[in-house]
Structures are given as C-alpha cells and as structure tokens.
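K.L.:
Can you keep this structure in mind? I'll have questions shortly.
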Amino acid sequence: MSEPKDVYAKPDYDESRSVSYEVWFRNWIGVKQLKTLSISFQKLQVVISEPDNCKAVATLPASCIKMAIPSQNVDTQVTIMTQAVDRDAYKIWVHDGEEAKVKMIIRDINKLVELYRDVLEEQTQQAK
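Written as structure tokens, this is what we have:
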C-alpha cells in the first residue's frame, strides 16, 4: 500500500490567462500618464507599459510583489507593495468613475502573488 501524498487545492484562476487594464502612472518627473497595466499569470509578472508601442516602463516579477492594496484616501488608486531594493511601492490610478476596476486590479495582482507562492511551494515539495 502506498503512502498518501499531500494534496494542495489549486486556486480558481487560469494560469494561461493575461489581463490588461488602462491606468494612470506617474513618470519620473511626477506627471501622470496613461499606461497599460498587464498581469500575466503564465509569466508570473506585472508590466506597466506605454499604450501605443508596448514599451515597458516597469516590470514587476511576482517574486518581488508583496500585495496590492487600495489607497486609504483616494478611491481610484491602487498601491502595489514590493520587496524591490529600488522602490517599496508602485502607485497606479484608474479613471474617475471606475472605482470597481480598483477591486479587480487588486484581486488579480493578489491572485498572481498567490499563484507564485503556490508554484514555489510545489517546487519545494518536488525537490524533497
């Protein structure tokens, strides 16, 4: 009789999925500019890019993201908390009137982090 193996419940998201949102992001001189926020569950990363030529402004691997949280005093803002050396957070904004999009961005980024941790745990279990 074989020994039972640990079974881990898989979260309810599609690893091949990628989602994009139109957001505002401050450039290096502090001016808000329209950008595309892409969350790739397959590549395990978040990319903030130019909407016209897709040039990446910031690439955040899931390994450096702690979590995404709403702003305490701005309904249209999302703060992406990171473990990066150069920056501890990235702030993005959605258009006024699209506050529901804030919840979707937070949900998707936090699911990405959860997926990364699941993959890491799975790799650790396989290495044993």
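Residue numbering for the sequence shown follows the numbering used here, starting at 2 and increasing by one per position.
All residues carry an ideal CB built from backbone N, CA and C; glycine is no exception.
Evaluate T125 with the Cβ neighbour count: other Cβ atoms within 10 Å of its Cβ, from every protein chain shown; 16 or more gives buried, anything less gives exposed.
P.N.:
As a working note, residue 125 is residue 124 in the sequence shown. So T125 counts as exposed.
K.L.:
May I ask you to report which of helix, strand or coil DSSP gives Y61?
P.N.:
What you label residue 61 is simply residue 60 of the sequence shown in a count that begins at 1. Looking at the sequence shown, residue 61 is not Tyr but Leu. Three-state DSSP puts L61 in a strand.
K.L.:
Residues bridged to P71 by DSSP?
P.N.:
Here residue 71 refers to the residue found at position 70 when the sequence shown is read from its first residue. P71 pairs with V79.
K.L.:
Starting from K92, trace the alpha helix (DSSP H) both ways and give me its first and last residue.
P.N.:
The residue given as residue 92 occupies position 91 in the sequence shown. Not the alpha helix (DSSP H): K92 falls in the beta strand (DSSP E), residues 90-94.
K.L.:
Among the residues of its own chain, which have a CB less than 7 Å from the CB of V24, if the five just before and after it don't count?
P.N.:
Translated into positions along the sequence shown, residue 24 becomes position 23. So the qualifying residues of the chain are K36, L38, I93, W94, V95.
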